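Right, one structure below, let's go through it.
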Amino acid sequence: MDVFIVLLVWIVLLLLGMPVGFTLLSAAFLYFISNDWNLVFFSGAKLVDSLDTFSLLAVPFFILTGTLMNSSGITERIFSFAKSLVGHFTGGLGHVNIMASLMFSGMSGSALADAGGLGQLEIKSMRDGKYDDDYAGGLTAASAIIGPIIPPSIPLIIYGVVSDQSIAKLFLAGVVPGIIMAGSLMVVAYTFAKKRGFPKEEKSTFKERGIHFKKAFSALLTPVIIIGGIFSGLFTATEAAVVATVYAMILGFFFYKELTLKKFFQNVVDSLKLTGVAVLMIVAVEFFGQMIAHEQVAMNIADFFLNVTDNPVILLLLINVLLIFLGTFIESLALLILLIPILVPVVMTAGVDPVHFGIIVILNLMIGILTPPMGMALFVVSRAGNIPIHTITKGVLPFWIPLFLTLLLITLFPQLVMFLPNVLSP
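Residues in the sequence shown are numbered from 1 upward in steps of one, following UniProt numbering.
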């Protein structure tokens with residue numbers, strides 16, 4: 001069967017609302033069966049190959065760390081500390097929302113964990129402060145995507161595994177872009193607060209800030225332990241994920257004493273569900289990718305890009321447009337695993353560092369989860385805050401501006417991404 005017919009079947013299944021992982025598997029198996037492949041032998045080998053990577057073990061542990069943090073009272077302490085730092089500025093709780101997301105991103109590595117856990121608290125506080133629902137929901141969704149840029153990051157781990165790049169370097173590369181994102185979001189939050197007359201919070205005293213810092217200190221140590229451990233050589237990124245999980249359990253059970261066995265087992269179940277989705281996607285894309293490779297689709301795409309231009313900046317801008325477009329229709333994890341083996345050789349041929357490219361890709365995909373109709377962050381925030389999707393979509397539109405500006409900055413100026421990896425990585 002012609003590969004383009006199979007791709008058409010895949011698109012139709014997507015439009016019918018079938019889960020992305022199953023659409024990929026269905027399309028791939030249709031191709032293999034119609035072309036007389038030995039599925040029994042081939043499938044077994046592919047299943048093993050797709051998951052036989054030690055670094056992928058970090059994914060379920062970082063997912064579990066994020067859920068444990070949400071159940072242990074850590075999000076409340078982080079939010080209170082952020083409020084004591086920036087709540088008194090014009091924009092008040094908007095800045096607190098962004099600052100809290102920046103802090104939490106160093107613990108969970110997931111945009112959806114931020115949007116679902118911290119987001120519920122943020123929206124409630126902003127409602128109590130007389131902020132509009134569209135603004136509260138839109139800002140909460142936009143600030144949540146800082147999580148996968150700042151280390152530790154689940155998408156960066158998957159990118160590193162698929163592209164065979166140093167996860168430690170990728171973690172370092174995300175620091176400056178993440179801070180730029182937070183700063184630019186705060187500028188827009190300030191502008192809207194001025195325009196709509198949102199209130200400031202009462203300024204905290206140094207003593208009050210000290211009290212909130214003391215309460216949040218143990219939680220704030222999490223990214224220090226993770227990143228410090230990796231770069232001191234104490235453990236790998238995968239082992240760091242396990243350490244983070246154990247540390248979150250210690251905080252929840254013994255330090256803050258808000259994590260019960262019932263909550264813990266529920267967190268494990270929730271994490272297994274999310275891990276199952278990730279595993280299904282990885283396996284599905286492995287099969288789908290085999291079809292793409294067999295039909296030399298990847299080579300044709302690479303030739304197309306390189307025939308259009310060999311200028312690295314123009315090439316990256318074209319890829320940005322492609323990723324933003326595809327990200328509005330296709331789930332971000334599927335896109336990540338599917339496109340990276342195709343695009344990384346293309347950009348490397350043009351002289352682009354794959355670590356730099358990794359941050360560009362992840363930011364593109366995170367903007368995608370803020371974009372209807374597949375915008376998962378919008379749905380999660382809608383559930384967390386009981387706000388209609390159309391209201392959140394309206395509220396998130398102004399925050400696309402700083403995110404796109406950040407994307408343009410890191411595309412045009414690779415030094416912003418590569419400075420820390422070049423200076424600090426061994």
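Idealized CB from N, CA, C, for every residue including glycine. Since this is a predicted model, take the numbers as computed values, not measurements.
*Nearest-angstrom Cα distance between serine 166 and phenylalanine 413?*
A direct Cα-Cα distance of roughly 21 Å separates serine 166 from phenylalanine 413.
*Can you list, in chain order, the residues of its chain whose CB lies under 6 Å from that of valine 344, leaving out five sequence neighbours each side?*
Taken in chain order, the residues that qualify are Ser163, Pro354.
*DSSP three-state call for proline 199: helix, strand or coil?*
Correct three-state label for proline 199: coil.
*Under the rule that 16 or more other beta-carbon atoms within 10 Å means buried, what is glutamate 202, buried or exposed?*
Residue environment for glutamate 202: exposed (fewer than 16 other C-beta atoms within 10 angstroms of its C-beta).
*Once you ignore the five residues that flank glycine 178 on each side, which residues in its own chain have a CB closer than 6 Å to its CB?*
Taken in chain order, the residues that qualify are Ile146, Ile149, Ile150.
_Three Cβ pairs or more, each shorter than 8 Å: is that satisfied between the segment 60-68 and the segment 185-195?_
Put simply, the segment 60-68 does not touch the segment 185-195. Fewer than three CB pairs are less than 8 Å apart.
_If distances are taken between C-alpha atoms only, which option among Leu416, Thr349, Asn97 comes closest to arginine 77?_
When the alpha-carbon of arginine 77 is set against those of Leu416, Thr349, Asn97, the nearest one is in Asn97.
*Could you tell me how far apart the beta carbons of isoleucine 359 and isoleucine 319 are, in whole angstroms, since I believe they sit closer than 8 Å?*
Contact flag wrong, Cβ pair sits at about 13 Å.
*Which residue comes first and which comes last in the alpha helix (DSSP H) that contains serine 388?*
One point to set straight first is that residue 388 is proline, not serine, in the sequence displayed. Boundaries for proline 388: no alpha helix (DSSP H) harbours it, and the DSSP string shows neither H nor E there.
_For tyrosine 135, the first and last residue of its enclosing alpha helix (DSSP H)_ = Residues 133-144.
*Exposed or buried, what is histidine 212 when buried is set at 16 or more other beta-carbons lying within 10 Å of its beta-carbon?*
By the neighbour-count rule (16 or more Cβ atoms within 10 Å), histidine 212 is buried.
*Are isoleucine 158 and valine 59 close, meaning C-beta to C-beta below 8 Å?*
The answer is yes: Cβ separation under 8 Å.
*Name the two residues that bound the continuous alpha helix (DSSP H) containing threonine 245.*
First-last of the alpha helix (DSSP H) with threonine 245: 237-250.
_I need the DSSP call for lysine 215, collapsed to helix, strand or coil._
Taken through DSSP and simplified to helix, strand or coil, lysine 215 comes out as helix.
*Alpha carbon of lysine 262 to alpha carbon of leucine 280, nearest angstrom*: Computed Cα separation, rounded: 27 Å.
*Using a threshold of 8 Å, state whether the C-beta atoms of leucine 24 and alanine 284 are closer than that.*
Result yes, Cβ atoms of leucine 24 and alanine 284 sit closer than 8 Å.
_Restricting to Cα atoms, I'd like to know which of Leu85, Gly91, Lys83, Ile154 is closest to aspartate 114._
Cα-wise, what sits closest to aspartate 114 is Ile154.
*asked:* Rounded to whole angstroms, what is the Cα-Cα separation between valine 161 and isoleucine 337?
replied: Distance between the alpha carbons of valine 161 and isoleucine 337: 10 Å.
*Spatial distance of asparagine 307 from methionine 299 (CA atoms)*: The straight-line gap separating the alpha-carbon atoms of asparagine 307 and methionine 299 is approximately 12 Å.
*What do you get for phenylalanine 4, buried or exposed, if any count of 16 or more other CB atoms within 10 angstroms of its CB means buried?*
Exposure of phenylalanine 4 is indicated by the presence of fewer than 16 other C-beta atoms within 10 angstroms of its C-beta.
*Can you say whether methionine 99 is buried or exposed, counting buried as having 16 or more other CB atoms within 10 angstroms of its CB?*
Buried.
*Relative to the alpha-carbon of lysine 83, which residue among Val12, Asp132, Phe198, Arg209 has its alpha-carbon at the smallest distance?*
Of the candidates Val12, Asp132, Phe198, Arg209, the one whose C-alpha sits nearest the C-alpha of lysine 83 is Arg209.
_Length of the line joining the Cα atoms of phenylalanine 265 and valine 380_ = Distance between phenylalanine 265 and valine 380, taken at the CA atoms: about 22 Å.
*Pick from Trp400, Ile314, Gly375, Leu316: whose alpha carbon is nearest that of isoleucine 330?*
That would be Gly375, whose Cα lies nearest to the Cα of isoleucine 330.
*For leucine 251 versus isoleucine 74, is the C-beta distance shorter than 8 Å?*
Cβ distance < 8 Å, so leucine 251 and isoleucine 74 count as in contact.
_Alpha-carbon spacing of phenylalanine 89 relative to histidine 95, whole angstroms_ = Straight-line Cα distance between these residues: approximately 8 Å.
*If you check the beta carbons only, do phenylalanine 305 and leucine 139 fall under 8 Å apart?*
If you check the CB distance, phenylalanine 305 and leucine 139 do not come in under 8 Å.
_Under 8 Å between C-beta atoms of asparagine 364 and isoleucine 324_ = Yes; because the gap between Cβ atoms is below 8 Å, this pair is in contact.
*With a threshold of 16 other CB atoms inside 10 Å of the CB of serine 271, please say whether the residue is buried or exposed.*
By the beta-carbon neighbour count (other beta carbons within 10 angstroms, threshold 16), serine 271 is buried.
_Limits of the alpha helix (DSSP H) - the one that lysine 276 falls within_ = Per the sequence shown, residue 276 should be read as glycine rather than lysine. It spans 261-294 - the alpha helix (DSSP H) in which glycine 276 sits, taken as one unbroken run.
*Can you tell which of Ser80, Thr205, Gly229 has its C-alpha closest to the C-alpha of lysine 215?*
Closest option to lysine 215, judged by alpha-carbon separation, among Ser80, Thr205, Gly229: Ser80.
*Taking the alpha helix (DSSP H) that asparagine 311 falls in, what are its first and last residues?*
Counting along the chain, asparagine 311 sits inside no alpha helix (DSSP H), nor does DSSP assign it H or E at all.
_asparagine 364, enclosing alpha helix (DSSP H) - first and last residue_ = Asparagine 364 -> alpha helix (DSSP H) spans 354-368.
*Of the residues Leu13, Asn70, Phe419, the one placed nearest alanine 219, counting alpha carbons only*: Taking only the C-alpha atoms, the option nearest alanine 219 is Asn70.
*asked:* Output needed for phenylalanine 419: all residues of its chain with C-beta closer than 6 Å, excluding positions within five of it in sequence on either side, in chain order.
replied: Cβ within range, chain order: n/a, list empty.
*Output the distance between the C-alpha atoms of isoleucine 314 and glutamate 258, rounded to the nearest integer angstrom.*
When rounded, the distance between both Cα atoms is 51 Å.
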